[in-house]
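Chemist: Chains as they are written, first to last, in the working numbering: chain Y, 32 to 272; chain U, 32 to 272. Virtual Cβ for every residue (Gly too), placed ideally from N, Cα, C. Please read these numbers as outputs of a predicted model, since none were measured by experiment.
There are 2 protein chains.
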Amino acid sequence: MPNPTAAMLVIGDEILSGRTRDSNMYHLAGELTRVGIDLQEVRVVGDEAERIIAAVKALSASYDEVFTSGGIGPTHDDITADCVAAAFDRHIDIRDDARTLLTKAYEARGVVVTDERLRMARIPDGAALIDNPVSTAPGFTVENVHVMAGVPKVFEAMVASVLPGLTGGTPLLSQTWRVQMPEGEIAGPLRGLVEAFPELSFGSYPYSLNGVFGANIVVRGTDGAQVDAAIIRLQEVFPND
Amino acid sequence: MPNPTAAMLVIGDEILSGRTRDSNMYHLAGELTRVGIDLQEVRVVGDEAERIIAAVKALSASYDEVFTSGGIGPTHDDITADCVAAAFDRHIDIRDDARTLLTKAYEARGVVVTDERLRMARIPDGAALIDNPVSTAPGFTVENVHVMAGVPKVFEAMVASVLPGLTGGTPLLSQTWRVQMPEGEIAGPLRGLVEAFPELSFGSYPYSLNGVFGANIVVRGTDGAQVDAAIIRLQEVFPND
Chain Y
32 MPNPTAAMLV IGDEILSGRT RDSNMYHLAG ELTRVGIDLQ EVRVVGDEAE
82 RIIAAVKALS ASYDEVFTSG GIGPTHDDIT ADCVAAAFDR HIDIRDDART
132 LLTKAYEARG VVVTDERLRM ARIPDGAALI DNPVSTAPGF TVENVHVMAG
182 VPKVFEAMVA SVLPGLTGGT PLLSQTWRVQ MPEGEIAGPL RGLVEAFPEL
232 SFGSYPYSLN GVFGANIVVR GTDGAQVDAA IIRLQEVFPN D
Chain U
32 MPNPTAAMLV IGDEILSGRT RDSNMYHLAG ELTRVGIDLQ EVRVVGDEAE
82 RIIAAVKALS ASYDEVFTSG GIGPTHDDIT ADCVAAAFDR HIDIRDDART
132 LLTKAYEARG VVVTDERLRM ARIPDGAALI DNPVSTAPGF TVENVHVMAG
182 VPKVFEAMVA SVLPGLTGGT PLLSQTWRVQ MPEGEIAGPL RGLVEAFPEL
232 SFGSYPYSLN GVFGANIVVR GTDGAQVDAA IIRLQEVFPN D
């Protein structure tokens, strides 16, 4: 059976303007590879309702799982929850279970529960809450869309809350062999290896270090013995001194 | 006149598998903001022809400029040039001008011009070459799509080659005010400011540092005097000790 597929939607003007360097994509990509869910597409859009709604609909229809990051805080630019509700034609309002969570946590810390803070209890009807052990305000899952915070520490905690409940596949294994030779000379012999192992994927990632050209050849596959065999062949074809 | 719009397409399995952390998106986002071109969407897809072709078509039709990163080297997984040609129904083959560039550079370095290296001279009919001062093999522009390398140093050099030829808009200015107060308490007063400056955009980016919660409030706009005025109001509403 093929692995489940996934897409990610990163939401936020701060990524598109170059103010913030996204790290959530890199984190999620690694975690999904580990559990055997194939991340096949990522989209980044700004804080604009129409674009968010369109992206949620398109990705939800095309992939088994969708993960969103950003736009679920208490301020005016946090519109993700409402957009996801709109994408699935669901009613959204402050929900009692989420309100209770927030109220209890704030009272324990002696913090005033403002109207703005309660915005974070706005959850679409029928959604399941995603636990947030870092700062309480929950994420949520509607159908196949998992809505999570943009702050990296919170995003990572929510990913850890969600993943155990999903059906994974066969984890993708990878090994790397570094070849100290320009990619243009690697390409020919590498093509032979690619043809000899049709079930594996080979990536070639060139680098230059102190003026010396080389490439990291990454072999990926779900069968560890095959990956091992390919790496041994690589070492024979491209021995390092 | 509104600023020109742009999208970016990042191509490569290594990003989606979590092996590599993309840096080209962050670089391009900053450069486009500087020249007044609004980056409105980014997509990341793997090394699969169908997906690349579909994304090039969709983004080229929706935005003024499209920038791609990755998949134009000499190895079997470098299929971007062929996909872009297919997206625009153009013939592609080794082109004399690109071949001459490569041959001269390789000969000067005493490097053999292999068939695989010549793959990098495959350029769609009618495309304009993009200068690559780092490693010679050119990128190219077809219609509104600028096809560039994935290796960050080469990507950055190609961006520098392309941008001066594009029509920019009014650069987006931004200033940041750090508020040492939890976002839930900032949200209410901030809403009033957002309404007072309808031409500016306000972003709120929470952080926690040594257990203290705060947020960076970023004011963005094209009118420097308005941005200044908003920052002064922010400082009045949220004074720091």
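Apart from the five residues just before and just after Y/K88, which ones in its own chain have a Cβ nearer than 8 Å to its Cβ?
Modeler: Looking up residue 88 of chain Y in the first sequence gives position 57. Result list for Y/K88: A118, in chain order.
Chemist: Among all the DSSP beta bridges, which residues are the ones paired with U/L160?
Modeler: Within the second sequence, the letter at position 129 stands for residue 160 of chain U. DSSP output for U/L160 lists U/F171 as bridge partner(s).
Chemist: Which of the three DSSP states, helix, strand or coil, is assigned to U/H122?
Modeler: Reading the second sequence from its first residue, position 91 is the one you call residue 122 of chain U. Three-state result, U/H122: coil.
Chemist: Give me the chain Y residues within the contact set of U/R52, using Cβ-Cβ distance strictly less than 7 Å, ordered along the chain.
Modeler: Taking the first residue of the second sequence as position 1, residue 52 of chain U is located at position 21. Chain Y residues near U/R52: Y57.
Chemist: DSSP state of U/H177, grouped into three classes?
Modeler: Against the second sequence, residue 177 of chain U aligns to sequence position 146. Residue state, collapsed to three classes: strand.
Chemist: Using 8 Å as the threshold, is the C-beta distance between Y/D78 and Y/I46 below it?
Modeler: Translated into the one-based positions of the first sequence, residue 78 of chain Y becomes position 47. Translated into the one-based positions of the first sequence, residue 46 of chain Y becomes position 15. Not a contact, by the Cβ cut-off of 8 Å.
Chemist: Excluding the 5 residues flanking U/G104 on each side, which residues of the same chain have their C-beta closer than 6 Å to its C-beta?
Modeler: As a first step, residue 104 of chain U must be located in the second sequence, where it is residue number 73. Taken in chain order, the list of residues that qualify is empty.
Chemist: What three-state label does DSSP hand U/Q206 in the structure shown?
Modeler: Indexing the second sequence from 1 puts residue 206 of chain U at position 175. Strand at U/Q206.
Chemist: Going by Cα to Cα distance, which pick from U/V190, U/A188, U/D108 and U/S205 is closest to U/R150?
Modeler: Within the second sequence, the letter at position 119 stands for residue 150 of chain U. U/R150 has its Cα closest to that of U/D108, out of U/V190, U/A188, U/D108 and U/S205.
Chemist: For the alpha helix (DSSP H) that U/Q257 lies in, which residues bound it at each end?
Modeler: If you number the second sequence from 1, residue 257 of chain U lands on position 226. G255 to V268 is the span of the alpha helix (DSSP H), which, as asked, contains U/Q257.
Chemist: Where does the unbroken alpha helix (DSSP H) through Y/R130 begin, and where does it stop?
Modeler: Position 99 of the first sequence holds residue 130 of chain Y. Per DSSP, Y/R130 belongs to the alpha helix (DSSP H) from D127 to A139.
Chemist: Using only the alpha-carbon positions, how far apart do Y/D53 and Y/E226 sit?
Modeler: Here residue 53 of chain Y is taken as the residue at index 22 of the first sequence, counted from 1. Here residue 226 of chain Y is taken as the residue at index 195 of the first sequence, counted from 1. When rounded, the distance between both Cα atoms is 36 Å.
Chemist: Select from the stretch 104-119 of chain U all residues with a C-beta closer than 7 Å to any C-beta belonging to chain Y, and list them in chain order.
Modeler: G104, P105, T106, H107 and D108
Chemist: Going along chain U in order, which residues have a C-beta closer than 9 Å to the C-beta of Y/Q71?
Modeler: Translated into positions along the first sequence, residue 71 of chain Y becomes position 40. Simply L47, V76, G77, E79 and R82.
Chemist: Cα separation between U/S205 and U/V250?
Modeler: Taking the first residue of the second sequence as position 1, residue 205 of chain U is located at position 174. Taking the first residue of the second sequence as position 1, residue 250 of chain U is located at position 219. Taking the straight line from one Cα to the other gives about 5 Å.
Chemist: Would you please verify whether the beta carbon of Y/E216 is less than 8 Å from any beta carbon of chain U?
Modeler: Here residue 216 of chain Y refers to the residue found at position 185 of the first sequence. Yes - at least one Cβ of chain U is within 8 Å of the one on Y/E216.
Chemist: Give the range of the alpha helix (DSSP H) segment to which Y/L59 is assigned.
Modeler: Taking the first residue of the first sequence as 1, we reach residue 59 of chain Y at position 28. Per DSSP, Y/L59 belongs to the alpha helix (DSSP H) from N55 to V66.
Chemist: List the residues of chain Y whose Cβ lies closer than 8 Å to the Cβ of U/D44, in chain order.
Modeler: Mapped onto the second sequence, residue 44 of chain U falls at position 13. Near U/D44 (Cβ distances below 8 Å), the residues of chain Y are S232, G234 and R251.
Chemist: For a contact meaning CB atoms closer than 9 Å, what does Y/V182 contact in chain U?
Modeler: Working through the first sequence from its first residue, we reach residue 182 of chain Y at position 151. Chain U residues near Y/V182: Y236, P237, Y238 and S239.
Chemist: Closer than 8 Å is the cut-off here; do at least three beta carbon pairs connect the stretch 242-258 of chain Y with the stretch 207-215 of chain Y?
Modeler: yes
Chemist: Applying a beta-carbon distance threshold of less than 8 Å, which residues of chain U neighbour Y/S205?
Modeler: For the purposes of this step, residue 205 of chain Y is identified with residue 174 of the first sequence, where counting begins at 1. Simply S48 and R50.
Chemist: Per DSSP, what kind of secondary structure is Y/S235 in: helix, strand or coil?
Modeler: Taking the first sequence and counting its residues from 1, the one referred to as residue 235 of chain Y is at position 204. If DSSP states are grouped into helix, strand and coil, Y/S235 belongs with the strands.
Chemist: In chain U, which residues lie with their C-beta within 9 Å of the C-beta of Y/R222?
Modeler: The residue labelled residue 222 of chain Y in the question sits at position 191 within the first sequence. Chain U residues near Y/R222: T106, H107 and E147.
Chemist: Taking only the alpha-carbon atoms, compute the straight-line gap between U/C114 and Y/A86 and give it to the nearest angstrom.
Modeler: Start at 1 with the first residue of the second sequence, and residue 114 of chain U comes out as number 83. Start at 1 with the first residue of the first sequence, and residue 86 of chain Y comes out as number 55. The straight-line gap from Cα to Cα measures roughly 23 Å.
Chemist: For the putative contact between Y/T167 and Y/L133, defined by C-beta atoms under 8 Å, what is the C-beta separation to the nearest angstrom?
Modeler: For this step, residue 167 of chain Y is matched to residue 136 along the first sequence. For this step, residue 133 of chain Y is matched to residue 102 along the first sequence. 6 Å between Cβ atoms; contact.
Chemist: Alpha carbon to alpha carbon, how far is U/A92 from Y/T51?
Modeler: Position 61 of the second sequence, counted from the start, is the residue given in the question as residue 92 of chain U. Position 20 of the first sequence, counted from the start, is the residue given in the question as residue 51 of chain Y. Computed Cα separation, rounded: 27 Å.
Chemist: Relative to the C-alpha of Y/R65, which candidate in Y/T201, Y/T111 and Y/A116 has its C-alpha closest?
Modeler: If you number the first sequence from 1, residue 65 of chain Y lands on position 34. For the residues Y/T201, Y/T111 and Y/A116, the minimum Cα distance to Y/R65 belongs to Y/T201.
Chemist: Considering U/F186, what are the terminal residues of the alpha helix (DSSP H) in which it resides?
Modeler: As a first step, residue 186 of chain U must be located in the second sequence, where it is residue number 155. Per DSSP, U/F186 belongs to the alpha helix (DSSP H) from P183 to V193.
Chemist: So does the stretch 169-183 of chain Y actually touch the stretch 137-147 of chain Y, counting three or more Cβ pairs closer than 8 Å?
Modeler: They do not touch, by the three-pair rule.
Chemist: Under DSSP, the alpha helix (DSSP H) around U/G215 begins and ends at which residues?
Modeler: Walking along the second sequence from the start, residue 215 of chain U turns up at place 184. Residues E214 to A227.
Chemist: Taking only beta-carbon positions, decide if U/G67 is within less than 8 Å of chain Y.
Modeler: Position 36 of the second sequence, counting from 1, holds the residue named residue 67 of chain U. No, U/G67 lies away from the interface with chain Y (no Cβ there is under 8 Å from its Cβ).
Chemist: State yes or no: is the beta carbon of U/V225 nearer than 8 Å to at least one beta carbon in chain Y?
Modeler: As a first step, residue 225 of chain U must be located in the second sequence, where it is residue number 194. Chain Y, which has a Cβ nearer than 8 Å to the Cβ of U/V225, makes this yes.
Chemist: Closest to Y/D127 by CA distance: which of Y/Q71, Y/G49, Y/T106 and Y/A158 is it?
Modeler: In the first sequence, residue 127 of chain Y corresponds to position 96, counting from 1. Ranking the options by Cα distance to Y/D127, first place goes to Y/A158.
Chemist: Can you tell me where the beta strand (DSSP E) holding U/I154 begins and where it ends?
Modeler: As a working mapping, residue 154 of chain U is identified with position 123 in the second sequence. Looking at the DSSP string, the run of the beta strand (DSSP E) that includes U/I154 is R153 to P155.
Chemist: Between Y/P35 and Y/T207, what straight-line distance do the alpha-carbon atoms span, to the nearest angstrom?
Modeler: For the purposes of this step, residue 35 of chain Y is taken as the residue at position 4 of the first sequence. For the purposes of this step, residue 207 of chain Y is taken as the residue at position 176 of the first sequence. Their backbone Cα atoms lie some 25 Å apart in a straight line.
Chemist: What residues in its chain sit with their C-beta under 8 Å from that of Y/S279, if we drop five residues either side in the sequence?
Modeler: As shown, chain Y starts at 32 and ends at 272. That puts residue 279 of chain Y outside it, with no answer to give.
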